[in-house]
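Have a look at the structure below before the remarks.
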Amino acid sequence: MIHESTLEVPARLEALASISNFVVDAARGAGLDEHAVWEVQLAVDEAVTNAIVHGYHEHELRGTLSISIAQEDGKFVVSLRDQGAPFDPSRVPEPDLVSPLEQRKTGGLGLFLMRKLMDDITFEREANVNVLRMTKRLPPSGLRYIALSGRIDASAAPTVQRTVHHAMKSGGRWIVVDMAQVTFLSSSGLRALLMLNREMQKSRGDLRLCSLQPHVAEVFHLTGFDQIFPLYSSRHEAAASFPQA
Amino acid sequence: MEITHRRLNRIDILIISGRMQAVESSELQAQLNRLFAEGRYRIVLDLAHLEYVNSPGLRVLIEARKRAREWKLSEFDRGDVRIVNLPPRIKEVFDLTGFTSLFHIYDDMVDAVGSF
Numbered sequence: 001m002i003h004e005s006t007l008e009v010p011a012r013l014e015a016l017a018s019i020s021n022f023v024v025d026a027a028r029g030a031g032l033d034e035h036a037v038w039e040v041q042l043a044v045d046e047a048v049t050n051a052i053v054h055g056y057h058e059h060e061l062r063g064t065l066s067i068s069i070a071q072e073d074g075k076f077v078v079s080l081r082d083q084g085a086p087f088d089p090s091r092v093p094e095p096d097l098v099s100p101l102e103q104r105k106t107g108g109l110g111l112f113l114m115r116k117l118m119d120d121i122t123f124e125r126e127a128n129v130n131v132l133r134m135t136k137r138l139p140p141s142g143l144r145y146i147a148l149s150g151r152i153d154a155s156a157a158p159t160v161q162r163t164v165h166h167a168m169k170s171g172g173r174w175i176v177v178d179m180a181q182v183t184f185l186s187s188s189g190l191r192a193l194l195m196l197n198r199e200m201q202k203s204r205g206d207l208r209l210c211s212l213q214p215h216v217a218e219v220f221h222l223t224g225f226d227q228i229f230p231l232y233s234s235r236h237e238a239a240a241s242f243p244q245a
Numbered sequence: 246m247e248i249t250h251r252r253l254n255r256i257d258i259l260i261i262s263g264r265m266q267a268v269e270s271s272e273l274q275a276q277l278n279r280l281f282a283e284g285r286y287r288i289v290l291d292l293a294h295l296e297y298v299n300s301p302g303l304r305v306l307i308e309a310r311k312r313a314r315e316w317k318l319s320e321f322d323r324g325d326v327r328i329v330n331l332p333p334r335i336k337e338v339f340d341l342t343g344f345t346s347l348f349h350i351y352d353d354m355v356d357a358v359g360s361f
């Protein structure tokens, strides 16, 4: 465990904003990317809202909540402790994600989102306290993002190479190349990426591509290079595909 | 969170900006209820500057749409809560929770207002 910090607040909805700020700062500080920070924020927000509304308000209870943040084994761990009514997750209904408007039930959405957004969540009752632990894997150290744009052809290949080498020299080992703004990829561009990929793997790292426009992705499918280069739909997905720290 | 209200002849536009957590969701609910109480059931929510929403906010939206849809002058002229300018993060929450298919969502205010 590297360090742990705790925030204790009254179990009232007005405390949600300060809890969010606390969690967001800690998540950023732990090195999560902005998308993962938002996922953690949303999951914690749902958890705390549920604890306050269902654990305290509905039972006319008052009290405090504590939120602890820790980093352990490459994970960012948020623990929420409350002294509200005992919570049994198995009694929460499965969320309704498909019914038409008139019949749509909105129960269970919070728990559903928590499970979707975090890598793991566990509930325990210790003495008179509900303990919820939510974990999110931290990205490996040495993660770098590179955004390319425009035409990646023979004349752009050296620039691509320089950019990746620069990232490697600055300690980058796991590199995500964001291709969202790339409008054209020639065979020279493709070759440059392939060489860089080999180079990264030789130095025990890797290079992944994400967010390709459809006609650029097509180049990979046609040439079979998608066998060598798995393509990812977002930076987040690409980053999550690296071996975790 | 801030809510700006613009009243057109037949339609009310609520421009919602900032972060909507549980407390702010209740504020939106109160504002929508005031409109319903005045008999105003054609509503466009402009979410371009909504930075954050979670399930309490989603619940307010769905309940509001249910209520607006119950009001009708004819089979073809009913109340509704429609959405314009859904930012990527908010759309992601809509997608995760199956909300995207529950609302008429527009990219352009003129289209959203003209849809009524």
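Read top to bottom, the protein sequences are chains A and B. Counting from 1, position 92 in the first sequence corresponds to residue 92 in the numbering used here; the numbering is continuous, with no gaps. With positions in the second sequence counted from 1, the corresponding number in the numbering used here is that position plus 245. Note that CB positions come from ideal geometry on N, CA and C, so glycine has one too.
Following the continuous alpha helix (DSSP H) through A/Met195, name the residue where it begins and the one where it ends.
Residue 195 of chain A sits at position 195 when you count from the first residue of the first sequence. That run of the alpha helix (DSSP H) goes Ser187 to Lys202.
Give the range of the alpha helix (DSSP H) segment to which A/Lys105 is assigned.
For the purposes of this step, residue 105 of chain A is taken as residue 105 along the first sequence, with counting starting at 1. It is not in any alpha helix (DSSP H) - A/Lys105 carries neither H nor E in the DSSP assignment.
Consider the Cβ of A/Met1: report whether some Cβ of chain B lies at a distance smaller than 8 Å.
In the first sequence, residue 1 of chain A corresponds to position 1, counting from 1. In this prediction, A/Met1 has a pLDDT of 47, which is less than 50 and means its spatial position is unreliable; nothing more can be read from the coordinates.
Distance, A/Gly172 Cα to B/Leu259 Cα
One-based indexing of the second sequence puts residue 259 of chain B at position 14. One-based indexing of the first sequence puts residue 172 of chain A at position 172. Distance between the alpha carbons of B/Leu259 and A/Gly172 is about 46 Å.
Could you tell me the alpha carbon to alpha carbon distance between A/Phe76 and A/Glu4, rounded to whole angstroms?
For the purposes of this step, residue 76 of chain A is identified with residue 76 of the first sequence, where counting begins at 1. For the purposes of this step, residue 4 of chain A is identified with residue 4 of the first sequence, where counting begins at 1. When rounded, the distance between both Cα atoms is 10 Å.
Report the residue from A/Arg162, A/Met168 and A/Ala217 whose alpha carbon sits nearest the alpha carbon of A/Met179.
Here the question's residue 179 of chain A lines up with position 179 in the first sequence. Ranking A/Arg162, A/Met168 and A/Ala217 by Cα distance to A/Met179 puts A/Ala217 first.
A/His123 and A/Pro95 closer than 8 Å at C-beta
On the first sequence, residue 123 of chain A is found 123 positions in, with the first residue counted as 1. On the first sequence, residue 95 of chain A is found 95 positions in, with the first residue counted as 1. A quick correction: the sequence has Phe, not His, at residue 123 of chain A. Their beta carbons are not under 8 Å apart, which means A/Phe123 does not touch A/Pro95 by this criterion.
Just the chain B side, please: which residues come within less than 9 Å of A/Gly110 by C-beta, in chain order?
Within the first sequence, the letter at position 110 stands for residue 110 of chain A. In chain order: Asn299, Ser300 and Pro301.
With distance defined between alpha-carbon atoms, name the residue in A/Phe242, A/Ser234 and A/Ser241 nearest to A/Glu34.
Indexing the first sequence from 1 puts residue 34 of chain A at position 34. Ranking A/Phe242, A/Ser234 and A/Ser241 by Cα distance to A/Glu34 puts A/Ser234 first.
Just checking my contact of B/Leu273 with B/Val305 at CB under 8 Å: how many whole Å lie between their CB atoms?
In the second sequence, counting from the first residue as 1, residue 273 of chain B sits at position 28. In the second sequence, counting from the first residue as 1, residue 305 of chain B sits at position 60. With 8 Å as the limit, B/Leu273 and B/Val305 qualify as a contact, their Cβ atoms being about 5 Å apart.
Thinking just about the alpha-carbon of each residue, which of A/Ala26, A/Gly224, A/Gly84 and A/Thr6 is nearest to the one in A/Thr49?
Start at 1 with the first residue of the first sequence, and residue 49 of chain A comes out as number 49. If we check each option's Cα against that of A/Thr49, A/Gly84 comes out closest.
Express the C-alpha separation of A/Phe220 and B/Ser346 in angstroms, rounding to a whole number.
Position 101 of the second sequence holds residue 346 of chain B. Position 220 of the first sequence holds residue 220 of chain A. Taking the straight line joining both Cα atoms gives about 33 Å.
Mapping DSSP to helix, strand and coil, what is A/Arg173?
Within the first sequence, numbered from 1, the residue matching residue 173 of chain A stands at position 173. A/Arg173: coil per DSSP, three-state reduction.
Just to confirm my understanding: we take B/Phe339, look at its own chain, exclude 5 residues before and 5 after, and list those with CB closer than 6 Å. What are they?
Numbered from 1 along the second sequence, position 94 holds the residue referred to as residue 339 of chain B. Cβ within range, chain order: Thr345.
DSSP beta-bridge partners of B/Glu337:
Locating residue 337 of chain B in the second sequence gives position 92, where the first residue counts as 1. Answer by DSSP bridge pairing: none, since B/Glu337 is not bridged.
Test: B/Gly263 CB closer than 8 Å to a CB of chain A:
Counted from its first residue, the second sequence places residue 263 of chain B at position 18. Taking Cβ atoms only, chain A never reaches closer than 8 Å to B/Gly263, which makes this a no.
Does the CB of B/Gly343 have a neighbour CB from chain A at under 8 Å?
Here residue 343 of chain B is taken as the residue at index 98 of the second sequence, counted from 1. Answer yes: the Cβ-Cβ gap between B/Gly343 and chain A drops below 8 Å somewhere.
Since A/Leu42 is in the alpha helix (DSSP H), which residue starts that stretch and which ends it?
In the first sequence, residue 42 of chain A corresponds to position 42, counting from 1. That run of the alpha helix (DSSP H) goes Glu34 to Asn50.
DSSP-derived helix/strand/coil call for B/Ile258:
Locating residue 258 of chain B in the second sequence gives position 13, where the first residue counts as 1. Of the three classes helix, strand and coil, the one that applies to B/Ile258 here is strand, per DSSP.
Looking at the structure shown, is B/His250 part of a helix, part of a strand, or coil, going by DSSP?
Against the second sequence, residue 250 of chain B aligns to sequence position 5. Residue state, collapsed to three classes: strand.
Exposure of B/Asn254, with buried meaning 16 or more beta-carbon neighbours within 10 Å:
As a working note, residue 254 of chain B is residue 9 in the second sequence. Label assigned to B/Asn254: exposed.
Scan the segment 15 to 46 of chain A for residues whose Cβ lies nearer than 8 Å to a Cβ of chain B and list them as they occur along the chain.
Leu16, Ala17, Ser20, Trp38, Gln41, Leu42, Asp45 and Glu46
Chain A contacts made by the segment 265 to 277 of chain B, where a contact means CB separation under 8 Å:
Gln266, Ala267 and Val268
Measure how close the beta-carbons of A/Leu119 and A/Arg137 come, nearest whole angstrom, since I'm counting them as under 8 Å.
Sequence index remark: in the first sequence, residue 119 of chain A carries index 119 (1-based). Sequence index remark: in the first sequence, residue 137 of chain A carries index 137 (1-based). The question names Leu, yet the displayed sequence has Asp at residue 119 of chain A. Contact flag correct, Cβ pair sits at about 5 Å.
So, is A/Pro243 buried or exposed, given that buried needs 16 or more other C-beta atoms within 10 angstroms?
Here residue 243 of chain A is taken as the residue at index 243 of the first sequence, counted from 1. Flag for A/Pro243 reads exposed.
Within 8 Å of any Cβ in chain A, is that where the Cβ of B/Lys336 sits?
Position 91 of the second sequence, counted from the first residue, corresponds to residue 336 of chain B. For B/Lys336, the answer is no, since every Cβ of chain A falls outside 8 Å of its Cβ.
Consider the Cβ of A/Glu94: report whether some Cβ of chain B lies at a distance smaller than 8 Å.
Within the first sequence, numbered from 1, the residue matching residue 94 of chain A stands at position 94. Not closer than 8 Å to any Cβ of chain B, the Cβ of A/Glu94 fails to qualify, so no.
Below 8 Å on the Cβ atoms is my guess for A/Phe87 versus A/Asn130; work out the distance and round it to an integer in Å.
In the first sequence, the residue the question calls residue 87 of chain A occupies position 87. In the first sequence, the residue the question calls residue 130 of chain A occupies position 130. The Cβ separation is near 5 Å, so the contact holds.
With 8 Å set as the bound, which would you pick, yes or no: does the beta-carbon of B/Leu347 sit closer than that to a beta-carbon of chain A?
Position 102 of the second sequence, counting from 1, holds the residue named residue 347 of chain B. Interface residue, yes.
Mind checking if B/Lys380 is an interface residue toward chain A, Cβ cutoff 8 Å exclusive?
Here chain B has residues from 246 to 361 only, and residue 380 of chain B is not among them.
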